[in-house]
Amino acid sequence: STQGPAGQGGRHGNGKPLLDQPIMAIGRMCGAGFQTGQIQKKVQEATTMAARGDRDAAIRELLGAINYSAAAILLIREL
Numbered sequence: 027s028t029q030g031p032a033g034q035g036g037r038h039g040n041g042k043p044l045l046d047q048p049i050m051a052i053g054r055m056c057g058a059g060f061q062t063g064q065i066q067k068k069v070q071e072a073t074t075m076a077a078r079g080d081r082d083a084a085i086r087e088l089l090g091a092i093n094y095s096a097a098a099i100l101l102i103r104e105l
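Residue numbers (the working numbering): 27 to 105.
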């Protein structure tokens, strides 16, 4: 597929295969800490959104965390 998990290719991937998208390229430059930091940020944002009752936005943030988790796994497998 040309898209990443949960459609990541649509917004940031410019139609590129997942392994060529910024989510992977930045991880290669900076290490898996890039992806794990993004996971933490998205989970924190989701928690805040859910607490104020914005469940749909919270779910979108958690799906983003899944995308970053998948990218971290792919990066670790490349090592």
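Beta carbons: idealized from backbone N, C-alpha and C, even for Gly.
Do residue 69 and residue 91 count as a contact pair if the criterion is CB distance below 8 Å? Taking the first residue of the sequence shown as position 1, residue 91 is located at position 65. Taking the first residue of the sequence shown as position 1, residue 69 is located at position 43. Yes; because the gap between Cβ atoms is below 8 Å, this pair is in contact.
Is the CB-CB distance between residue 55 and residue 101 below 8 Å? In the sequence shown, residue 55 corresponds to position 29, counting from 1. In the sequence shown, residue 101 corresponds to position 75, counting from 1. Not closer than 8 Å, so no.
Below 8 Å on the Cβ atoms is my contact criterion, and I expect residue 94 with residue 47 to pass it. Report the Cβ-Cβ distance as a whole number of Å. Translated into the one-based positions of the sequence shown, residue 94 becomes position 68. Translated into the one-based positions of the sequence shown, residue 47 becomes position 21. With a Cβ gap of about 12 Å, residue 94 and residue 47 do not count as contacting.
Under the assumption that residue 87 contacts residue 77 (Cβ atoms under 8 Å), give the Cβ distance between them as a whole number of angstroms. The residue you call residue 87 lines up with position 61 of the sequence shown. The residue you call residue 77 lines up with position 51 of the sequence shown. About 12 Å; that fails the 8 Å criterion.
Short Cβ contact (8 Å threshold) for residue 61 with residue 53: In the sequence shown, residue 61 corresponds to position 35, counting from 1. In the sequence shown, residue 53 corresponds to position 27, counting from 1. Yes, the pair counts as a contact, with Cβ atoms nearer than the cut-off.
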